[in-house]
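Shown next, in structure tokens, is the structure this report addresses.
Number of protein chains: 2
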Amino acid sequence: MTAVNAVARGELAALYGPVADDLPRVDALIASLVQVEFPWLRRMLESTLGGGGKRLRPAIALLAGRLGRYDLELLVPLAASVELLHTATLVHDDVIDAAPKRRGRPTAAALFNNASSVMLGDYLFAHAAEFVTRTGHVQVIRNFTDTLRVMAQGELAQDIAAFEYSRDVQRYLDRIHGKTASLFATAAENGALVTGAPEREVRALRRFGAQIGIAFQIVDDVLDFAATAEELGKPAGSDLLAGTLTLPALLYMESAPDDNPVRRAFAGTRRRANLQRAVADIRASDLLEQSMATARRFADEARAALDALPAGEPRATLDGLVDYVLARRS
Amino acid sequence: MTAVNAVARGELAALYGPVADDLPRVDALIASLVQVEFPWLRRMLESTLGGGGKRLRPAIALLAGRLGRYDLELLVPLAASVELLHTATLVHDDVIDAAPKRRGRPTAAALFNNASSVMLGDYLFAHAAEFVTRTGHVQVIRNFTDTLRVMAQGELAQDIAAFEYSRDVQRYLDRIHGKTASLFATAAENGALVTGAPEREVRALRRFGAQIGIAFQIVDDVLDFAATAEELGKPAGSDLLAGTLTLPALLYMESAPDDNPVRRAFAGTRRRANLQRAVADIRASDLLEQSMATARRFADEARAALDALPAGEPRATLDGLVDYVLARRS
Numbered sequence: 090m091t092a093v094n095a096v097a098r099g100e101l102a103a104l105y106g107p108v109a110d111d112l113p114r115v116d117a118l119i120a121s122l123v124q125v126e127f128p129w130l131r132r133m134l135e136s137t138l139g140g141g142g143k144r145l146r147p148a149i150a151l152l153a154g155r156l157g158r159y160d161l162e163l164l165v166p167l168a169a170s171v172e173l174l175h176t177a178t179l180v181h182d183d184v185i186d187a188a189p190k191r192r193g194r195p196t197a198a199a200l201f202n203n204a205s206s207v208m209l210g211d212y213l214f215a216h217a218a219e220f221v222t223r224t225g226h227v228q229v230i231r232n233f234t235d236t237l238r239v240m241a242q243g244e245l246a247q248d249i250a251a252f253e254y255s256r257d258v259q260r261y262l263d264r265i266h267g268k269t270a271s272l273f274a275t276a277a278e279n280g281a282l283v284t285g286a287p288e289r290e291v292r293a294l295r296r297f298g299a300q301i302g303i304a305f306q307i308v309d310d311v312l313d314f315a316a317t318a319e320e321l322g323k324p325a326g327s328d329l330l331a332g333t334l335t336l337p338a339l340l341y342m343e344s345a346p347d348d349n350p351v352r353r354a355f356a357g358t359r360r361r362a363n364l365q366r367a368v369a370d371i372r373a374s375d376l377l378e379q380s381m382a383t384a385r386r387f388a389d390e391a392r393a394a395l396d397a398l399p400a401g402e403p404r405a406t407l408d409g410l411v412d413y414v415l416a417r418r419s
Numbered sequence: 090m091t092a093v094n095a096v097a098r099g100e101l102a103a104l105y106g107p108v109a110d111d112l113p114r115v116d117a118l119i120a121s122l123v124q125v126e127f128p129w130l131r132r133m134l135e136s137t138l139g140g141g142g143k144r145l146r147p148a149i150a151l152l153a154g155r156l157g158r159y160d161l162e163l164l165v166p167l168a169a170s171v172e173l174l175h176t177a178t179l180v181h182d183d184v185i186d187a188a189p190k191r192r193g194r195p196t197a198a199a200l201f202n203n204a205s206s207v208m209l210g211d212y213l214f215a216h217a218a219e220f221v222t223r224t225g226h227v228q229v230i231r232n233f234t235d236t237l238r239v240m241a242q243g244e245l246a247q248d249i250a251a252f253e254y255s256r257d258v259q260r261y262l263d264r265i266h267g268k269t270a271s272l273f274a275t276a277a278e279n280g281a282l283v284t285g286a287p288e289r290e291v292r293a294l295r296r297f298g299a300q301i302g303i304a305f306q307i308v309d310d311v312l313d314f315a316a317t318a319e320e321l322g323k324p325a326g327s328d329l330l331a332g333t334l335t336l337p338a339l340l341y342m343e344s345a346p347d348d349n350p351v352r353r354a355f356a357g358t359r360r361r362a363n364l365q366r367a368v369a370d371i372r373a374s375d376l377l378e379q380s381m382a383t384a385r386r387f388a389d390e391a392r393a394a395l396d397a398l399p400a401g402e403p404r405a406t407l408d409g410l411v412d413y414v415l416a417r418r419s
């Protein structure tokens, strides 16, 4: 399985503890989608579904499922629905961003064309929805559709906000809730619901998912500045270069509210040069560390949410994922 | 309500008989989606959901619902899910086709941009899925997700096939099943399922929907050639001009297999001029009438499927819709 190739088996086992051995079943279910009649569709699916990734979202769904009756007949399609919804949104995001690469590999939008990528994303949405339907649990299905709505709205907000100056940190947090944290929250909540966990634990897991999701996205946005172009598979600071203000850039603007390269660029003055200057400034500053401090606050809230769960290996593993999210470099 | 504006009340009442008075509730549910917090999103939704249309698909869902317990609490969201799935696919199709207008109005892709239109379509998919979830009927939800998959696959097939010569009538019929008829089939089947109709009638309605859907799309494809640019809101023959071979064009190619303007255009020779020549040839020929004869065969099969239903006003109204689909001019 790709995920197992991407991350050493030992690392996965340590990270995902009591569900590590079951994640390959999720991968296998997703991989089964490439078995279609049409060769052109098979090629599109192979290149899109073979990208690897750490399967963090499905792992959270399975770990939440460890709190009640751990029924893999329901949890494997549920976890696959979460991962596939994530993949489908990436395919559509890449159309939007006209991104040539993701994780160092060409995107579907670059390999095929925008039109096919739109439909490929829809096709993956449909399969994700079909997987979640297999749980037969109407509230779980409803959470899924609600997440799709919130994610689309979050991406729309980001698109609308590009090259607008009047962003602030609260709106940034709202946006990354929609774009990223809502799916983490649903992964955790749906895992708990499917498995029949008590309502108090279901609510705690939703909260855990939402908070770790925010932390995850802030770290992502920090890495976009901090990592090397080689690690990222794209230029450092590419979000800002595309006009998207993430936390480090917002803090940078707060630090010089009257005049700075971002403001000049957004006003249309030597856009590229000013943004590149801003990226260099941010990389050289302590704003990335300040952003990480914010990520750690959300991570602490994620950990606090776990207090409502019974002690044991699933809870300890979820706790360990919080550390992992903060420490990751890619 | 827009649908009521678009078609005179009397005509709607005659066409949709025992469900005509309930369609405004479907419109109202869809229209309620524009009540969102963000002004930019509200504007997008207003322009997308206000386009009118005859509400043929939701009417079929409600009519199917007349065969069992006619529960509008379930049938209104179901019918809305069908119409909204249709709308969402149109939004994505217009991204793909880069269509400036539909029904004589600017498309979302033209008004906003491709990126926003992709996400707007996803947002509408999510609401459509939420509506169908309100039925609480897992098989109904599953049919919905299956239809989304088949529709996306049908559009992908059309995109892949553009400017390929080796199309034949059977593949055209497969493609329009995916693109159009699958949603008609699901509208009819889901209406029957929600309402608790006997299985034999559920199957008959699915078949009815699939056959009337094929007839509907063939008529659409004929109108693309036959209607005036004013009626269409786009140039006559625009499908062929965009490289999509529909039934009239396929029959035209069969009529001159060795050499004709379409083949020359597809081989890259004076593409635009050759395709315009082909459009003029087709308009002057009896190929549109031949295509309509094919549509009538599917319409007859749709009528035959109704034999399995009890006699009465719902069945008679569905029968009348078959005539309407064949006779319509827009």
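In order, the protein sequence lines correspond to chains A and B. Under my numbering, think of the first position of the first sequence as 90, with each following residue one higher. Under my numbering, think of the first position of the second sequence as 90, with each following residue one higher. In this text, a Cβ means the ideal position worked out from N, Cα and C, and glycines have one as well.
Burial check for Asp328 (chain A): the Cβ neighbour count within 10 Å reaches 16 or more, so the residue is buried. When DSSP states are grouped into helix, strand and coil, His266 (chain B) belongs to the helix group. DSSP places Asp257 (chain A) in the coil class of the three-state scheme, outside both helix and strand.
When Cβ-Cβ separations below 7 Å define contact, Ala218 (chain B) makes contact with chain A. Taken in chain order, the complete alpha helix (DSSP H) segments of 4 or more residues contained in the region 136 to 182 of chain B are 145 to 154. Closest by C-alpha distance to Leu161 (chain B), out of B:Val291, B:Gln306, B:Val180 and B:Arg114, is B:Arg114. Short of 8 Å from the beta carbon of Asn363 (chain B), and not among the five residues preceding or following it, lie these beta carbons of its own chain, in chain order: Pro350, Val351, Arg353 and Ala354.
Between Glu219 (chain B) and the set B:Gly99, B:Leu122 and B:Leu410, the nearest pair of CA atoms involves B:Leu122. With respect to chain B, the C-beta atom of Val283 (chain A) has no partner C-beta closer than 7 Å.
A contact between stretches requires three or more CB pairs, one per stretch, nearer than 8 Å, and the region 335 to 350 of chain A fails this requirement with the region 270 to 290 of chain A. Gln300 (chain A) carries a helical assignment under DSSP once its states are collapsed to helix, strand and coil. Approximately 6 Å separates the beta-carbon atoms of Val180 (chain B) and Leu213 (chain B); this is inside 8 Å, confirming the contact. Taking the beta carbon of Ala215 (chain A) as reference, the chain B residues within 7 Å of it are Thr234, Leu237, Arg238 and Ala241, listed in sequence order. Within the same chain, and ignoring the five residues on either side of Glu290 (chain B) in sequence, the residues whose Cβ sits closer than 7 Å to its Cβ are Leu156, Ala281, Ala397 and Leu398.
When the Cα atoms are used, Leu173 (chain B) and Ala338 (chain A) turn out to be separated by approximately 38 Å. Following the DSSP letters along the chain, one finds Phe355 (chain B) inside the alpha helix (DSSP H) bounded by residues Pro350 to Phe355. For the region 104 to 137 of chain B, the set of residues with a beta-carbon nearer than 9 Å to any beta-carbon of chain A comprises Val125, Phe127, Trp129, Leu130 and Met133, in chain order. Pro346 (chain B) carries a coil assignment under DSSP once its states are collapsed to helix, strand and coil. Of the residues B:Arg158, B:Leu151 and B:Gly302, the one whose Cα lies closest to the Cα of Ala168 (chain B) is B:Leu151.
Not flagged as an interface residue toward chain A: Val229 (chain B), since no C-beta distance is shorter than 7 Å.
With 16 or more other Cβ atoms inside 10 Å of its own Cβ, Thr178 (chain B) counts as buried. Counting only Cβ-Cβ distances below 7 Å, Val207 (chain B) has contacts in chain A at His181, Val184, Ile185 and Val207, in chain order.
For Arg418 (chain A), the three-state secondary structure derived from DSSP is coil.
Boundaries cannot be given for Phe127 (chain B), as no alpha helix (DSSP H) includes it and DSSP labels it neither H nor E.
At a cut-off of 7 Å between beta-carbon atoms, Glu244 (chain B) makes contact with chain A. Between Thr176 (chain A) and Leu145 (chain A) a beta carbon distance of about 13 Å is seen, past the 8 Å cut, so the two are scored as non-contacting.
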